[in-house]
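Student: Here it is, the structure in full.
Chains as they are written, first to last, in this note's numbering: chain R, 149 to 481; chain V, 149 to 481.
Put into C-alpha cells, the structure is as follows:
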C-alpha cells in the first residue's frame with residue numbers, strides 16, 4: 149500500500165511512453181554499439197558485456213523524455229542519452245572495485261584481479277567516450293553540467309566510504325550521499341535533455357530539481373525493496389544490501405529505535421558481517437518492528453509532495469516518469 | 149654521447165623559457181588548488197598530496213609554450229594546462245592500482261587497500277575536474293581532442309596489459325603502445341595549447357604531430373635512463389622498470405639478439421620476477437652487449453629527424469622544447 153502511494157499512476161500515458169522510449173532507445177543502443185568499437189577487441193568485449201548486462205536504461209530514458217516534453221528528440225538527445233548511460237556504467241564499474249577492496253574477503257583470485265583491472269580501465273574508457281559523445285551535441289552547457297555531476301558523484305563515493313560505515317549516520321547525511329551518488333545524475337539527465345531540446349535555462353533547472361527528487365525517491369524505494377521483495381522478479385537477489393553491510397535508510401531508522409540487544413545484532417551482522425542463514429529474516433522483522441520501511445517510504449512520499457509540477461510540461465513529465473519509474477523498480481536497476 | 153645527440157641544445161633560450169614557464173605555472177598551480185577544493189576534506193588531502201608529489205609539470209608546460217608561440221597565454225591556456233595535468237595524474241593513479249593488482253605481491257595490507265580505493269576515486273575526481281576546466285575555455289575543439297585522447301590512453305593501457313608481457317612484442321607494437329599511453333597526451337597538449345591561442349586547425353595539427361614525436365622521444369629516453377642513471381638525481385630509483393618486469397624498448401632489442409642462456413635469464417628475472425641483488429647489473433650489461441640502449445636512442449634520434457620544423461614558429465617551439473625536455477629528463481618524471 150505504501151509503495152502504491154509513492155508511485156502515482158497513469159497507465160495509458162505509460163503505454164504511449166513505452167513505445168516512444170523504445171523507439172529512441174534503439175537509436176541509443178546503436179550509438180552505444182558504435183562508440184564501443186575499438187582496435188583492442190578486449191575493450192569492446194568487456195564494455196559490451198557490462199553495458200548489456202541487464203541495465204534498464206532509466207537515465208537515458210529521462211534524457212529522452214525531457215527532450216520529448218520540450219518538443220523534439222534530436223540526434224543530440226540520443227548522444228546525450230548514450231553519454232549519461234556511459235557515465236552511470238563507469239561509476240558502477242569503479243564502485244564494484246571499491247566495494248570488493250573494502251570487503252577484502254581472502255586473497256584475490258586471478259579472475260578477481262583481471263576483473264578489477266578491466267573494471268577500472270573500461271570505466272575510464274566509458275567515461276572518456278561519454279565526453280566524446282557530449283561534444284557532438286555542440287552544447288557547452290551539457291558538458292559543464294555533466295562534468296560537474298561526475299565530480300559530485302565521485303565526491304559522494306568518497307564521503308560514503310568515510311562516513312557510512314556507522315549507524316550514527318544522520319538521515320540528512322544519508323540523503324546527501326544518496327543525492328550525490330544517485331540523484332545528481334537523474335537531475336542532470338532531465339536538465340540536459342531539456343536543454344538540448346531548446347528549453348530555457350530556468351525550465352531546464354526546474355527539470356533538474358524534479359529529476360533530483362526523483363532520484364532520491366528511486367533510491368529510497370530501491371533500498372526498501374531490497375528487504376521486501378522475496379523473489380527474484382527484479383533480477384537481483386533480495387538482501388544484497390544486508391549481506392554487504394550497506395547501511396541504508398530503513399536500517400538507520402531501525403537503529404535509532406533499537407534496544408541494546410538489537411544494536412548488538414546490527415553490529416554483528418552489518419559491521420562485522422558475521423551472518424547466519426536466518427539473519428536476513430530477523431533483520432527484516434527488526435526493521436519492520438521499528439517502522440523503518442514505513443518511515444523511509446513516508447520520507448519518499450514527502451519528497452514527492454515537495455516536487456509538485458508548476459507548469460503543464462512538468463505535469464506531463466511527472467505522469468510519464470512515474471510510470472517509467474514503477475516499471476524500473478518492479479524489474480531491476 | 150648518444151643522449152647529448154638526442155637532446156639538441158639552446159641554453160639561452162632555455163633560460164628565458166624557464167622564467168616564462170615559471171610565471172604561468174604559478175597561475176596553473178593556483179588554479180589547481182582552487183579546483184581541488186572540496187566539501188570532503190579527504191579528497192582535497194589526497195588529491196593535493198598526489199598532485200604535488202614531485203611531478204615536473206611537463207605537459208602543462210607544453211600547453212603554455214604552444215600558446216606562447218602562437219601569440220599569447222590566456223586564462224584558457226592556464227585552464228587547459230591544469231586540465232592536462234589532471235588527466236595525466238588521473239591516468240597515473242589508475243595505472244598504479246592496475247600494476248599493483250597484476251603483481252599481486254602477497255595479501256594487500258589495509259594501507260594498500262585504502263590506497264587503491266583512494267587512487268580510483270581521486271583519479272575519477274581529477275578526470276571530471278579536468279573536463280570542468282576545459283569547459284571554461286569555451287572551445288569545443290579542446291574538449292573533442294582531449295576526450296578522444298583520454299579514450300586512446302585507456303585503450304593503450306588495455307593493449308599493454310594484453311600484449312606487453314612477452315618479449316616477442318615487436319618494436320612497432322611497442323611504439324604504438326607508447327604512442328597511446330604517452331605521446332598522444334603530449335601531442336594533444338601542444339595542439340590544444342596552440343588552438344586556444346588562435347592557431348589555425350592545420351598549424352595546431354602540425355604541433356600535435358611534433359608533440360606526439362616528442363612524447364615518443366621522451367619515453368624512449370626515459371626507458372634508457374632507467375637502466376643508465378646510477379644515482380637518484382632524477383628523484384626515482386634506477387632499475388624500477390627491471391624490478392617491475394616492464395618490457396621496454398632496450399629490453400626488446402636485447403632479447404632479439406640474446407642467446408638461449410640469456411633468454412633464460414630474461415624470463416626468470418622479468419617474467420617470473422625472480423631476481424637477486426646482482427641481476428640489475430647483469431641486465432644492464434646484457435642490454436649493453438646487444439646494443440639495446442644504442443638502438444633505442446638511435447630510434448629516438450630517427451624520430452627527431454623525421455619531425456623537422458616546417459615553419460618559423462615550429463622552429464622556435466622546437467628549440468624551447470628541447471631545453472625543457474632535457475631539464476625534465478635529468479630531474480624526474
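Glycine included, every Cβ here is placed at the ideal spot set by N, Cα and C.
Mind listing, in chain order, the continuous beta strand (DSSP E) runs of no fewer than 3 residues lying wholly within the stretch 325-368 of chain V?
Tutor: none
Student: In chain order, what residues of the same chain lie with their CB nearer than 8 Å to the CB of residue 284 of chain R, ignoring the 5 residues before and after it?
Tutor: Mapped onto the first chain, residue 284 of chain R falls at position 136. Once the five neighbours on either side are set aside, the close Cβ partners of residue 284 of chain R are 223, 224, 227.
Student: Sorry if obvious, but does the Cβ on residue 295 of chain V come closer than 6 Å to a heavy atom of the ligand NAD?
Tutor: With respect to the ligand NAD, the structure shown offers nothing to examine, as it has no ligands at all.
Student: Below 8 Å CB to CB, which residues in the same chain sit around residue 401 of chain V once its five sequence neighbours on both sides are set aside?
Tutor: The residue given as residue 401 of chain V occupies position 253 in the second chain. Around residue 401 of chain V: 319, 435, 438, 439, 440, 443, 444.
Student: When the Cα atoms are used, what is the spatial distance from residue 339 of chain V to residue 302 of chain R?
Tutor: Within the second chain, residue 339 of chain V is the residue found at index 191, counting from 1. Within the first chain, residue 302 of chain R is the residue found at index 154, counting from 1. Computed Cα separation, rounded: 29 Å.
Student: First and last residue of the alpha helix (DSSP H) that includes residue 317 of chain R?
Tutor: Start at 1 with the first residue of the first chain, and residue 317 of chain R comes out as number 169. Counting along the chain, residue 317 of chain R falls outside any alpha helix (DSSP H), and DSSP gives it neither H nor E.
Student: DSSP three-state label for residue 270 of chain V, please.
Tutor: For the purposes of this step, residue 270 of chain V is taken as the residue at position 122 of the second chain. In the structure shown, residue 270 of chain V sits in a helix (DSSP, three-state: H, G or I).
Student: Since I believe residue 180 of chain V is in contact with residue 199 of chain V (beta carbons under 8 Å), could you give me their beta-carbon distance rounded to a whole number of angstroms?
Tutor: Here residue 199 of chain V refers to the residue found at position 51 of the second chain. Here residue 180 of chain V refers to the residue found at position 32 of the second chain. 6 Å between Cβ atoms; contact.
Student: Is residue 211 of chain R closer than 7 Å to residue 328 of chain R when the C-beta atoms are compared?
Tutor: The residue given as residue 328 of chain R occupies position 180 in the first chain. The residue given as residue 211 of chain R occupies position 63 in the first chain. Their beta carbons are not under 7 Å apart, which means residue 328 of chain R does not touch residue 211 of chain R by this criterion.
Student: Run down chain R in chain order and give the residues with a C-beta less than 7 Å from the C-beta of residue 312 of chain V.
Tutor: Looking up residue 312 of chain V in the second chain gives position 164. Simply none; closest approach about 12 Å.
Student: Report yes if the CB atom of residue 331 of chain R is closer than 7 Å to the CB atom of residue 358 of chain R, and no otherwise.
Tutor: In the first chain, the residue the question calls residue 331 of chain R occupies position 183. In the first chain, the residue the question calls residue 358 of chain R occupies position 210. No, they are not a contact pair.
Student: Do you know whose CA, among V/344, V/322, V/205, V/167, lies nearest residue 177 of chain V's CA?
Tutor: The residue labelled residue 177 of chain V in the question sits at position 29 within the second chain. The option with the nearest alpha carbon to residue 177 of chain V is V/205.
Student: Please classify residue 456 of chain R: is it buried, with 16 or more other beta-carbons within 10 angstroms of its beta-carbon, or exposed?
Tutor: Counting from 1 along the first chain, the entry for residue 456 of chain R is found at position 308. With fewer than 16 other Cβ atoms within 10 Å, it is exposed.
Student: Going by other Cβ atoms of all chains shown within 10 Å of its Cβ, with 16 needed for buried, is residue 264 of chain R buried or exposed?
Tutor: As a position in the first chain, residue 264 of chain R is number 116, starting the count at 1. By the neighbour-count rule (16 or more Cβ atoms within 10 Å), residue 264 of chain R is buried.
Student: Classify residue 185 of chain V as buried or exposed, calling it buried when 16 or more other Cβ atoms lie within 10 Å of its own Cβ.
Tutor: In the second chain, counting from the first residue as 1, residue 185 of chain V sits at position 37. Residue 185 of chain V comes out exposed.
Student: Under three-state DSSP, which class holds residue 166 of chain V?
Tutor: Here residue 166 of chain V refers to the residue found at position 18 when the second chain is read from its first residue. The answer is helix: DSSP assigns residue 166 of chain V an H, G or I state.
Student: In three-state DSSP terms, what is residue 430 of chain R?
Tutor: In the first chain, residue 430 of chain R corresponds to position 282, counting from 1. Helix at residue 430 of chain R.
Student: What does the alpha-carbon distance come out to for the pair residue 468 of chain R and residue 345 of chain R?
Tutor: Locating residue 468 of chain R in the first chain gives position 320, where the first residue counts as 1. Locating residue 345 of chain R in the first chain gives position 197, where the first residue counts as 1. Residue 468 of chain R and residue 345 of chain R have their C-alpha atoms roughly 17 Å apart.
Student: Quick test of your reading: residue 364 of chain V and residue 451 of chain V, contact by CB under 8 Å. State the CB separation rounded to the nearest angstrom.
Tutor: Position 216 of the second chain holds residue 364 of chain V. Position 303 of the second chain holds residue 451 of chain V. Residue 364 of chain V to residue 451 of chain V, Cβ: 5 Å. Contact.
Student: DSSP three-state call for residue 127 of chain R: helix, strand or coil?
Tutor: In this structure chain R extends from 149 to 481, so residue 127 of chain R is not present and cannot be described.
Student: Just tell me which of V/190, V/196, V/172, V/170 has its CA closest to the CA of residue 494 of chain V.
Tutor: Outside the shown range of chain V (149 to 481) lies residue 494 of chain V, about which nothing can therefore be said.
Student: Starting from residue 439 of chain R and walking both ways along the alpha helix (DSSP H), at which residues does that stretch end?
Tutor: Within the first chain, the letter at position 291 stands for residue 439 of chain R. Looking at the DSSP string, residue 439 of chain R is not in any alpha helix (DSSP H), and its letter there is neither H nor E.
Student: Cβ closer than 9 Å: which chain R residues qualify as neighbours of residue 330 of chain V?
Tutor: What you label residue 330 of chain V is simply residue 182 of the second chain in a count that begins at 1. Around residue 330 of chain V, no beta-carbon contact reaches into chain R at under 9 Å, the shortest distance being about 16 Å.
Student: With DSSP as the reference, label residue 285 of chain V as helix, strand or coil.
Tutor: Taking the first residue of the second chain as position 1, residue 285 of chain V is located at position 137. In the structure shown, residue 285 of chain V sits in coil (DSSP, three-state: anything other than H, G, I, E or B).
Student: Would you kindly check if the distance between the Cβ of residue 341 of chain V and the Cβ of residue 356 of chain V is under 7 Å?
Tutor: Taking the first residue of the second chain as 1, we reach residue 356 of chain V at position 208. Taking the first residue of the second chain as 1, we reach residue 341 of chain V at position 193. No, they are not a contact pair.
Student: Can you list the residues of chain R that residue 236 of chain V reaches, using a CB-CB cut of under 9 Å?
Tutor: If you number the second chain from 1, residue 236 of chain V lands on position 88. Within 9 Å Cβ-Cβ: nothing; residue 236 of chain V doesn't reach chain R, min ~13 Å.
Student: Roughly how many angstroms separate the alpha carbons of residue 462 of chain R and residue 353 of chain R, rounded to a whole number?
Tutor: Residue 462 of chain R sits at position 314 when you count from the first residue of the first chain. Residue 353 of chain R sits at position 205 when you count from the first residue of the first chain. Going by the C-alpha atoms only, they are around 11 Å apart.
Student: Does residue 219 of chain V pass the burial test, meaning 16 or more other C-beta atoms within 10 Å, or should it be called exposed?
Tutor: In the second chain, residue 219 of chain V corresponds to position 71, counting from 1. By the 10 Å Cβ count, residue 219 of chain V comes out exposed.
Student: Please report the residue range of the alpha helix (DSSP H) in which residue 193 of chain V lies.
Tutor: Walking along the second chain from the start, residue 193 of chain V turns up at place 45. Start and end: 189-199.
Student: Excluding the 5 residues flanking residue 229 of chain V on each side, which residues of the same chain have their C-beta closer than 6 Å to its C-beta?
Tutor: Sequence index remark: in the second chain, residue 229 of chain V carries index 81 (1-based). Excluding positions up to five away in sequence, the list reads 176, 208, 211, 212.
Student: State the Cα-Cα distance for the pair residue 428 of chain V and residue 396 of chain V, rounded to the nearest angstrom.
Tutor: Within the second chain, the letter at position 280 stands for residue 428 of chain V. Within the second chain, the letter at position 248 stands for residue 396 of chain V. If I take the Cα positions, the gap works out to 14 Å.
Student: Given a limit of 9 Å on CB to CB distance, which residues of the stretch 349-374 of chain R reach chain V?
Tutor: none
Student: Can you look up residue 178 of chain R in the DSSP assignment and give me helix, strand or coil?
Tutor: Taking the first chain and counting its residues from 1, one reaches residue 178 of chain R at position 30. Looking at residue 178 of chain R - three-state DSSP - the assignment turns out to be helix.
Student: Is the separation between the beta-carbon of residue 295 of chain V and that of residue 279 of chain R shorter than 7 Å?
Tutor: Mapped onto the second chain, residue 295 of chain V falls at position 147. Mapped onto the first chain, residue 279 of chain R falls at position 131. Against a cut-off of 7 Å, the Cβ pair of residue 279 of chain R and residue 295 of chain V comes out as a contact.
Student: Report the residues of the stretch 278-305 of chain R with a CB closer than 7 Å to any CB of chain V, ordered along the chain.
Tutor: 279, 280, 283, 286, 288, 291, 292, 295, 296, 298, 299, 302, 303, 305
Student: How big is the Cα-Cα spacing for residue 446 of chain V and residue 306 of chain V?
Tutor: Locating residue 446 of chain V in the second chain gives position 298, counting from the first residue. Locating residue 306 of chain V in the second chain gives position 158, counting from the first residue. Cα-Cα distance, rounded: 28 Å.
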